[in-house]
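A.B. asks: Quick one: the structure is below, questions incoming.
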Amino acid sequence: MDPAEEIVSLWLQQNGFFIRHNVKVGYRGKEIDFLAVNIANNKRVHVEVHASVFPLGPLRPWSPAKYGKIPLQDRVKYYYLDKFIGPTKKGTGELINRHIEETAMRILGSDNYEKWLVLGALHKLDPEEQLIKEFKKYGVKVFFLRNILKEIRIGGTAKDHTGRFIQLLASQLTNEAKEKLLKRK
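For the sequence shown, this note's numbering begins at 103 and goes up steadily by one.
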């Protein structure tokens, strides 16, 4: 699993979610990063993670940098369709099928679920508030990896090496995590 996805996995679990990750969808190598259910409050979510250490360019639905030149509202629309609904044709954004949405509904057992997107560092051409606003139009709630790291609980040692590493990292790199760590002593 990608390191950013490991962080999100720990965060979801610490918030009471049972998770299924890297769910294969259809025939074109597509996958859903996370499908998660919180039994306590019956919350169901489809989570996608898009994070890197440094943004290589504007958020775009398909890899080549030329797609970063598309206006922000169109890039968000195509990204939403390609990650939360189904594969799209590169360049046109035309929806090929609804396999992602259908898979999410089947596994989550409902069409009543939330869509979350976790973002890392953003390119200067993608203002944070504008991205949040554009994704909200499609019912997608945006989270930032830097904030998730701040929320990771340090108390209670994670049971696996990756979780423990993330806890150690969070305790050393964020003031909020250090404060939580000191309060638990």
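Think of the CB as a built atom: it goes at the ideal place given N, C-alpha and C, for glycine as much as any other residue.
All figures in this text were calculated on a predicted structure; none of them were measured in a lab.
Extract the residue ranges of the alpha helix (DSSP H) inside the stretch 223-269, only unbroken runs of 4 or more that lie entirely within it.
C.D. replies: As far as the stretch 223-269 is concerned, its whole alpha helix (DSSP H) runs of at least 4 residues are 230-238, 247-253.
A.B. asks: Using CA coordinates, which residue listed in L224, I268, I187 is at the minimum distance from L158?
C.D. replies: Taking only the C-alpha atoms, the option nearest L158 is L224.
A.B. asks: Could you check if V194 is buried or exposed, using at least 16 other CB atoms within 10 Å of its CB as the buried criterion?
C.D. replies: According to the sequence displayed, residue 194 carries Thr and not Val. So T194 ends up on the exposed side.
A.B. asks: Quick one: any contact between the stretch 135-153 and the stretch 216-232, if contact means 3 or more CB pairs under 8 Å?
C.D. replies: They touch, by the three-pair rule.
A.B. asks: Give the DSSP-derived three-state secondary structure of I209 in the structure shown.
C.D. replies: Residue state, collapsed to three classes: helix.
A.B. asks: With C-beta atoms as the reference, is G241 less than 8 Å away from K217?
C.D. replies: In contact: G241 and K217 (Cβ atoms closer than 8 Å).
A.B. asks: So the beta strand (DSSP E) W218 belongs to, where does it begin and stop?
C.D. replies: 216-221 is the span of the beta strand (DSSP E), which, as asked, contains W218.
A.B. asks: Classify A138 as helix, strand or coil using the three-state DSSP reduction.
C.D. replies: Strand at A138.
A.B. asks: Please tell me whether I250 and L137 are closer than 8 Å, where the distance is taken between their beta carbons.
C.D. replies: Not closer than 8 Å, so no.
A.B. asks: Report all residues from its chain with a CB closer than 6 Å to the CB of G265; omit the five preceding and five following residues, and keep chain order.
C.D. replies: Within the same chain, G265 has close Cβ partners L112.
A.B. asks: Suppose you measure from the CA of K243 to the CA of F237; what does that come to, to the nearest Å?
C.D. replies: The straight-line gap from Cα to Cα measures roughly 7 Å.
A.B. asks: Closer than 7 Å by C-beta to A108: which residues in its own chain qualify, once you throw out the five before and the five after it? Chain order, please.
C.D. replies: The sequence as given places Glu at residue 108; Ala does not occur at that position. Hits under 7 Å: T264, I268.
A.B. asks: Please report the distance separating the alpha-carbon of K192 from that of D184.
C.D. replies: Those two C-alpha atoms are separated by around 10 Å.
A.B. asks: Between G118 and N144, which are expected to be in contact by the criterion C-beta below 8 Å, what is the C-beta distance as a whole number of angstroms?
C.D. replies: Between N144 and G118 the Cβ distance is about 11 Å, and since that is not below 8 Å, they are no contact.
A.B. asks: Judging by CA-CA distance, which residue of L114, T190, R255 is the nearest neighbour of H148?
C.D. replies: Per the Cα distances, L114.
A.B. asks: Please return the same chain residues whose Cβ sits closer than 6 Å to the Cβ of L227, not counting the five positions on each side in sequence.
C.D. replies: So the qualifying residues of the chain are P160.
A.B. asks: Taking only three categories from DSSP, how would you classify V155?
C.D. replies: In the structure shown, V155 sits in coil (DSSP, three-state: anything other than H, G, I, E or B).
A.B. asks: Taking the alpha carbon of E133 as the point to measure from, which residue in R146, F120, M103 has its own alpha carbon closest?
C.D. replies: It is M103 whose Cα lies nearest to the Cα of E133.
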